[in-house]
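Below is one structure, written out as structure tokens; comments come after it.
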Amino acid sequence: MTDPLPTLGERVAFYRKRRGLSQVELGRLIGRSESWVSQVERNTRKVDRLSVLAQVAEVLGIPVSDLAPEAPTEPVESDAESWRTALRLALTGHPALPLLFSETTPEVPSPRTAQERADDAWSLVHASRYTDAGPALVPLIGELESAVRSAPADERPAVARVLAAVYQAVTELFVKVGDIEVAWLAADRALFAAERAGNLGLVAAGHHRLAHTFLSAGRYQQARHAATVAADALRSGPSGLGVEGQSALGALCLVRSIICARSGDRGGAWQAIGEAETLAGAVGAGRNDFNLEFGPANVALHAVAVAVELGDAGDALDRAGRVDTAGLSPERRSRFLVDVARAHAQRRDRGDAIAALLEAERIAPEQIRDHPKVRVLVRDLLQDPGWRSDQDLRGLADRCGVVA
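So the sequence shown is numbered by full-length UniProt numbering: it starts at 1 and just counts up by one.
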């Protein structure tokens, strides 16, 4: 099969744009000039040194092997980013290989202990504390993959449920940092573990993660397919959905609303929001089934996001003024404020946009400083001569790696 990105320059340009960086900004983050980046992308400058390739790959949020498959595979990374490599390696190959070649049964956590550790890891993901969440998830993968094969038969479905939750957390984590290929792998494993658990709602929640992965990559057709087939399967199930099933279906409606909005399908987006509102009324507030945070508040947040994606800033801000985010995670509250900032920017209310971004950063700094849409928005705000010298904006730009 022909490589769609056959040259290093094409790969650098592709991943740079996916991260929302300009050539100037990428150059600044790696200590190079805009001209240097341009020459690399046009393949007029050769890059041979592994340390340079690793530096570029780290800023772009991808493995060196994705950038330069022919490069040596020795890791060159900062300590702060080492959890990404550790998680990737935990997902590489057979997940319980030592167990297959051992005559002894390893010690594995009980389902209760494993659930507590998985819940703790998910709390870190919900808080957008990615550098803490990654190390918490790494050991759980191998331990639970062994446990699901060696635990007493009557405990294995419970272990599989925890394993599915762990893989879903890994999926969410890698989606947030832009490593889509690894997120896809984790989402696929989450689906398999959910099936082992015998929980159809958990399978549907896994499809939500898969749809979110494709959405983040701009693969709208695959995202829509992943969300639609799961929603259709839930609706046609042999028995009532139950509250957990309704939560999963509602979350699928929400991701579908964003897919439709970004695809320009206004009617489909609001139809999905309407269905989600009905389901949220049945589910109620204060639940977090499958860590989806589905409920009335999350539906209201997505309605704001849909309005922003469709360019209806006034509608978005009207809706935002009625949203109560008190019971939602830092990740959700921060993401909501990014949409509020985007709506203010669409109306050229620069000061309000900056204030919303700064509040979002206060709530979830890791998410905001590495978010492609935030970088694009900050760059746009810097184009306004009246705000270019604003110290708060320039400080935020510096922390996000945007050239001020």
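Just so it is clear, CB atoms sit at the ideal spot from N, CA and C, and this is done for glycine as well.
In the three-state reduction of the DSSP assignment, N43 falls in the coil class, being assigned neither a helical nor a strand state. A residue is called buried once 16 or more other Cβ atoms fall within 10 Å of its Cβ, and R42, having fewer, is exposed. In the three-state reduction of the DSSP assignment, D48 falls in the coil class. The residue from A68, P365, A355, R362 with its alpha-carbon nearest to that of L381 is A355. Straight-line measurement puts the Cα of T171 at about 16 angstroms from the Cα of G142.
In the structure shown, L382 falls within a helical segment according to DSSP collapsed to helix, strand and coil. Around the beta-carbon of R388, fewer than 16 other beta-carbon atoms lie within 10 Å, marking it exposed. In the displayed model, N288 falls within coil according to three-state DSSP, outside both helix and strand. Less than 7 angstroms divides the Cβ of V56 from the Cβ of I30. For F336, the enclosing alpha helix (DSSP H) begins and ends at 330-346. In the same chain as V376, and ignoring 5 residues on each side of it, the C-beta atoms closer than 8 angstroms to its own belong to G20, in chain order. If you compare the alpha carbons of R224, D349, A285, D318 with that of A272, the shortest gap goes to R224. In this structure, the beta-carbon distance from H212 to V255 falls below 7 angstroms.
In the three-state reduction of the DSSP assignment, G20 falls in the coil class. Shown here for V182: same chain residues with a beta carbon closer than 6 angstroms to its own, the five before and five after excluded, namely R88, F174 in chain order. The shortest C-alpha to C-alpha distance from L317 to any of H344, A226, R332, D132 is the one to H344. Taking L5 as reference, the option from P95, H126, L67 with the minimal CA-CA separation is L67.
The count of Cβ pairs closer than 8 angstroms, one atom from the region 321-334 and one from the region 123-132, reaches three, so the stretches are in contact. Within the region 189-224, the runs of alpha helix (DSSP H) that reach at least 4 residues and sit entirely inside it are, in chain order, 200-216. When only Cα atoms are considered, L357 and G274 end up about 28 angstroms apart. With the rule of 3 Cβ pairs closer than 8 angstroms, the region 182-197 counts as touching the region 161-168. Taking C-beta atoms under 8 angstroms as the contact rule, G250 and L210 fail to qualify, at a distance of about 17 angstroms.
Counting C-beta atoms within 10 angstroms of its own C-beta, G178 has 16 or more neighbours from the protein chains shown and is therefore classed as buried.
Cβ contact annotation for S82 (same chain, cutoff 7 angstroms, sequence separation greater than five): none. Annotated three-state conformation of W387 is coil, per DSSP.
Spatial neighbours of L202 in its own chain (CB-CB distance under 7 angstroms, excluding positions within 5 residues in sequence) are listed in chain order as R161, A164, A194, F290. Nearest neighbour of A303 by Cα position, chosen from R287, I258, G286, turns out to be I258. Q222 and A313 have their alpha carbons spaced roughly 28 angstroms apart.
Closest in alpha carbon position to P152, among V323, L140, A204, E107, is E107.
In the assembly as shown, D370 is a buried residue. Its beta-carbon has 16 or more other beta-carbons within 10 Å. The residue from D324, V308, A269, R319 with its alpha-carbon nearest to that of G295 is D324.
V308 and E244 have their C-alpha atoms some 29 angstroms from each other. If you ignore the 5 residues before and after G27, its C-beta comes within less than 7 angstroms of the C-beta of S33, E34, W36, V37, all in its own chain and listed in chain order. Taking each of G93, R348, R84 in turn and checking the Cα distance to V138, the smallest one comes out for R84.
Minimum Cα-Cα distance from A269 among the listed residues C253, D188, A187, C400 corresponds to C253. Closest by C-alpha distance to L97, out of D398, R49, S146, is S146.
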